[in-house]
Amino acid sequence: METALIKYLCRFIKNKNTKTDNLILFRYSFTEWPDVKESSIEATFLQKSSRHRLMLSSLTQSAVLCVSVSSSHLLRLYERFESLDRENRGHLRKEDFQAVRELSMNPVGDRIIGSFFSPGQETVDFPSFVQVLAHFRHTENDRIRDGAQKEPANSTARRLKFVFQLYDQDRDGKISRAELLQVLREMLGMQVTEEQLQSIAERAIQEANQEANQDKDDAISFDEFRKSMEKVNIDHKMSIRFLE
Amino acid sequence: MDFSFTRQAAAFLIVCSCLCVSAEVSTPAGVTLLPPVQPENGPQSYPNAKKSNLPVFTINYSRIQIPFEITLWMLLASFAKVGFHVYHKITIWVPESCLLISIGLIVGGIMYSVHEEPPAVLSNSVFFLYILPPMVLESGYFMPTRPFFENIGTVFWFAVVGTLWNSIGIGISLFGICQIEAFGVQDINLQENLLFASIISAVDPVAVLTVFEDVSVNEQLYIVVFGECLFNDAVTVVLYNMFSFVAEMPVVEPVDVFLGMARFLVVGLGGMGFGILFGFVASFTTRFTSKVREIEPLFIFMYSYLAYLVAELFAISSIMAIVCCALTMKYYVEENVSQRSCTTIRHVVKMLSSISETVIFFFLGVVTITTEHEWNWGYLLFTLLFAFIWRSLGVLVLIPIINPFRTIPLNLKDQFGLAYGGLRGAISFALAFTLPESIVRKHLFVTATIAVILFTVFLQGISIRPLIELINVRRTNRKEDLINVEIHRRMMEHTMTGIEDICGQWTLHTFPDMILIRDSRPESGIVALYKKLELQNAMEILDSVSGDISSAPAIVSLHEEKKGSAKPMKKFLAKDLNNMHNILSKNMYSIRQRTVAYTNKHALPNESQNREILIRRHSSIRRSFRPGSFQSTVNDHEATSEVGYPLRLPQSNHPRCSTSGAVMPLHRLNTLNEFPSVEVLNEKSPSHSASQDSSLPDCHFSTNNNSSADDLRNEEGEEQRPLPPSPALVAEPRNNTHGNPLLRRPQWNQKK
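Going down the list, the protein sequences come from chains A and B.
Just so you know, full-length UniProt numbering puts 64 at position 64 of the first sequence, and the rest follows in order with no gaps.
Just so you know, full-length UniProt numbering puts 321 at position 321 of the second sequence, and the rest follows in order with no gaps.
Next up, the structure:
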């Protein structure tokens with residue numbers, strides 16, 4: 001697998017995308033692959049500006065990263081990352097996300113922002129950024145599959161998991177009634193009364209439980225969630241075409 | 001009680017029909033009953049004229065003759081339609097077109113026996129200019145767009161190539177038959193045969209579609225049949241025009257064939273182009289009609305009709321034009337137009353098309369008896385045979401060719417349904433009837449057409465239902481959508497919006513939408529769906545309480561319900577019951593529904609899909625479609641309602657959903673103020689109360705309604721953002737035929 005990754009990266013680096021003049025500098029940390037020499041895969045292209053750096057922190061992450069996002073997308077995302085990162089720190093913080101105006105108006109905006117940050121972390125570096133966004137890659141562009149036996153980030157299950165985790169803030173694998181209520185409150189807010197919210201949540205949980213025919217607890221498990229959504233065309237709904 | 005109602009209704013109908021018929025019969029066409037003209041008080045120019053007094057009572061029939069007769073015909077046909085539903089079972093087994101034709105036959109028989117001629121109203125121009133457009137408009141308007149576009153290749157392939165295949169095949173075979181001397185039809189040349197074949201190949205599977213819907217066949221089959229029917233009409237008319245032109249030409253050269261094909265392309269594509277153009281213009285117009293709600297439906301009709309007429313002007317396919325216009329228009333118009341206008345448009349489209357179809361079939365029945373026939377056994381039988389053979393062949397050959405390109409191939413059973421469902425109907429009849437007189441054998445053609453129509457409609461129409469059920473065609477899985485799914489969908493929408501914001505994306509395809517749609521706010525589909533489900537619960541509960549109010553206990557609210565297993569019985573207090581009735585009668589609840597799928601041909605659409613628009617302002621505008629569907633079932637015996645709620649949920653799926661689930665104290669429902677967009681929501685903002693005041697719903701009641709107060713407050717509170725057309729809530733409860741006196745209100749009768 002490593003050779004495949006290396007080949008891909010070399011191809012990536014050599015593929016001078018004539019549309020852009022950006023410099024991309026790769027540096028890898030070799031903690032996971034101690035036997036791979038630095039010189040064999042480090043490649044440097046010095047062009048106009050040396051400001052552009054792409055830091056891939058851990059190799060396993062980058063494996064997922066590289067095989068699920070194409071090079072041009074990567075570039076595009078990097079540009080976006082940079083534009084969000086006002087102070088050029090190389091990583092994003094919550095405030096940078098919140099600076100996106102429409103996001104602050106989005107009822108689940110905070111949750112989305114939260115999903116970028118791994119638990120306990122305060123910053124998002126570029127690989128994590130791309131990793132999250134890789135969930136939304138359009139499924140057609142699946143040409144980069146060099147030996148990646150891992151489930152791609154943009155599979156239906158992974159996408160559903162992503163949404164599930166938006167609900168499930170405490171990561172216990174279930175959407176409890178309280179969590180559901182909270183989401184409903186954010187989404188519906190002033191339109192309904194508290195009682196109605198309760199009813200809606202109750203009803204939703206009941207329906208999910210009925211679907212699954214399993215536990216009649218007061219929560220929605222991931223399986224129930226997935227089963228409810230099996231009719232929905234997730235691939236279609238949750239894809240973004242990254243403009244190139 | 002049911003039975004006596006039936007008897008009363010039947011008696012009433014018979015009386016009315018008799019009156020109509022006798023009126024028709026006794027006022028023979030073309031005879032005026034005007035008394036001799038008498039100069040009243042003018043100067044005596046004829047000194048020796050007889051002096052007479054002022055007439056007290058005159059009859060001037062000729063003045064009103066034409067409208068009167070038209071109205072009587074339409075009324076009679078409509079009585080027939082009403083009459084069919086007196087006895088439920090008939091409409092299941094016998095399609096409506098059969099019944100209409102039968103009634104027509106009866107009336108024709110009566111007229112024939114008194115040696116009466118049917119009014120010669122069905123001329124070429126009347127049919128093509130007045131009767132056909134509503135039928136086609138309705139088909140185009142209620143075409144379920146998404147499945148249609150997914151299957152568009154198949155539909156076009158089958159409609160165009162299939163029709164060509166049929167016409168040419170039948171034409172040539174019949175020409176071959178004509179060569180045989182035994183049948184005595186040698187004088188029909190190839191062109192005329194082709195012309196006749198093109199008439200015969202116009203498929204009109206109205207009855208079949210009804211059956212399909214009742215049986216819930218899989219969507220693919222349904223849409224292919226539906227689409228084929230529609231575009232097949234266009235192709236047939238084009239072919240008809242071409243062949244009738246050719247039939248009058250003495251000699252046909254090869255270059256003419258080539259020109260014919262080129263013309264075909266021009267006609268088809270030109271029709272589509274015109275239609276789309278008019279559709280866009282109509283959409284653009286409706287963007288500005290927010291102040292003149294009353295005439296909004298007018299625009300729709302005028303633009304579609306204009307598209308039709310302009311296409312006729314250039315002799316390109318007007319059917320294609322009007323269909324494409326309707327398809328294009330529908331989406332944008334339903335965005336821009338108020339809820340009431342939307343309903344009005346649908347109602348009127350359905351009504352007009354119903355009238356047209358009824359008149360045509362009725363007329364067919366009458367003409368069958370009264371016209372002079374030329375009966376030629378050989379030609380007729382072979383026509384029938386070839387029609388059937390070529391259609392089956394066409395299906396068998398064409399579908400496997402297109403199957404590899406389809407995501408869901410049509411299997412053999414579907415193909416059988418497709419082949420067997422090739423009923424002929426109104427269009428064939430009209431085309432045959434309006435053949436130019438220059439065709440020598442016109443009467444033969446008319447007879448043959450009528451024979452084919454009668455045969456297919458009666459035989460195939462009646463037998464297709466048991467056959468479809470017998471061979472067990474794939475059914476759709478009509479699952480009702482759930483709150484659960486709706487919430488998650490909504491969540492996904494928001495997520496995607498957020499992610500797109502993070503990525504700085506915008507999707508380009510919304511360019512036309514930017515222009516053509518007035519900015520609207522996203523409406524809360526969840527709340528709407530929830531309310532709908534709750535209302536449905538309430539109505540079912542009311543159903544189950546059979547009028548004995550005194551022993552009815554109170555409505556239990558959510559918090560007292562036990563979660564989990566056994567659901568408590570619903571209890572009602574008398575006053576809560578009253579509240580419910582008040583709510584249902586006074587307040588208008590409606591769920592804003594944008595598109596429909598699976599429209600019953602003879603009923604108003606099942607509002608089974610909810611589409612929502614999420615439009616963002618500023619730099620990026622994005623649309624998200626959410627078919628948040630609440631697919632109401634079609635109860636077998638009852639007419640489908642429009643915005644109505646089916647009285648029972650599908651028993652199979654969620655028996656608990658119907659009676660379980662939270663029942664809100666219903667007196668809350670009418671005090672809810674629907675607030676506008678989610679974007680305006682800002683829980684943390686201090687302007688909470690301010691926004692509460694200013695964002696009162698824009699109730700789309702007309703000005704002479706009791707909500708003018710709301711409108712006033714509405715207008716005051718407008719900020720820089722225009723307020724959304726949030727849904728006024730309209731409840732139109734269905735007429736409960738099971739005898740719950742509480743719910744039967746004549747003015748709410750929403751059948752058909």
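Quick reminder that beta carbons are idealized off the backbone N, C-alpha and C, glycines included.
Classify residue i: buried if its beta carbon has 16 or more other beta carbons within 10 angstroms, exposed otherwise.
i        : result
A/Asp172 : exposed
B/Trp375 : exposed
B/Glu248 : exposed
B/Tyr331 : buried
B/Asp187 : exposed
B/Phe57  : exposed
B/Pro67  : exposed
A/Met238 : buried
B/Arg424 : buried
Given that residue i touches chain B, what residues does it touch there, using C-beta distances under 7 Å?
i                      : result
A/Ala208               : Asn484
residue 261 of chain A : Lying before the first or after the last residue shown, residue 261 of chain A is absent from chain A, which here runs from 1 to 244.
A/Phe136               : Ile499
Roughly how many whole angstroms lie between the Cα atoms of residue i and residue j?
i        : j        : result
B/Gly184 : B/Glu372 : 19 Å
B/Leu242 : B/Gly260 : Per the sequence shown, the amino acid found at residue 242 of chain B is Met instead of Leu. The alpha-carbon atoms of B/Met242 and B/Gly260 are separated by roughly 7 Å.
B/Gly378 : B/Gln339 : 56 Å
A/Asp235 : A/Glu122 : 30 Å
B/Ile106 : B/Leu76  : 12 Å
A/Phe116 : A/Pro127 : 11 Å
B/Leu385 : B/Leu364 : 22 Å
A/Leu133 : A/Asp85  : 16 Å
B/Val255 : B/Gly504 : 57 Å
B/Thr344 : A/Lys174 : 46 Å
B/Ala311 : B/Val235 : 14 Å
B/Met492 : A/Val163 : 7 Å
B/Gln65  : B/Ser78  : 20 Å
B/Val160 : B/Asn232 : 7 Å
A/Ile200 : B/Pro147 : 31 Å
B/Arg465 : B/Trp93  : 7 Å
B/Glu150 : B/Arg63  : 53 Å
Determine whether the Cβ of residue i lies closer than 8 Å to any Cβ atom of chain B.
i        : result
A/Arg226 : no
A/Phe97  : yes
A/Val108 : yes
A/Val100 : yes
A/Val130 : no
Just the chain B side, please: which residues come within less than 8 Å of residue i by C-beta, in chain order?
i        : result
A/Arg80  : Ile502, Cys503 and Gly504
A/Leu103 : Gly498, Asp501 and Ile502
Let me see if you follow: with CB-CB separation under 8 Å, is residue i close to chain A or not?
i        : result
B/Ser353 : no
Strictly below 7 Å CB to CB, what residues from chain A border residue i?
i        : result
B/Arg490 : Met187
B/Thr495 : Val108, Ile112, Val163 and Leu166
Could you give the first and the last residue of the continuous beta strand (DSSP E) run that contains residue i?
i        : result
A/Ser239 : A/Ser239 -> no beta strand (DSSP E), and no H or E assigned at all.
A/Ala219 : Ala219 to Ser221
Give the range of the alpha helix (DSSP H) segment to which residue i is assigned.
i                      : result
A/Ile175               : Element bounds for A/Ile175: not the alpha helix (DSSP H) but the beta strand (DSSP E), Lys174 to Ser176.
B/Met143               : Counting along the chain, B/Met143 falls outside any alpha helix (DSSP H), and DSSP gives it neither H nor E.
B/Asn166               : Gly162 to Gln179
B/His488               : Ile483 to Cys503
A/Asp168               : Taken as a continuous stretch (DSSP letters only), A/Asp168 belongs to no alpha helix (DSSP H), as it is neither H nor E.
B/Ala426               : Ala426 to Phe433
residue 753 of chain B : Given a span of 1 to 752 for chain B in the structure shown, any question on residue 753 of chain B remains unanswerable.
B/Met249               : Per DSSP, B/Met249 belongs to no alpha helix (DSSP H) and is neither H nor E.
B/Thr285               : Pro254 to Thr286
B/Ile131               : From DSSP, B/Ile131 is part of no alpha helix (DSSP H); its letter is neither H nor E.
Interface residues of chain B around residue i at Cβ under 9 Å?
i        : result
A/Leu133 : Ile499, Ile502 and Cys503
A/Val124 : None at all; the shortest Cβ gap to chain B is about 11 Å.
With a threshold of 8 Å between beta-carbons, can residue i be considered close to chain E, or not?
i        : result
B/Ala159 : Chain labels in this structure do not include chain E; the protein chains are A and B.
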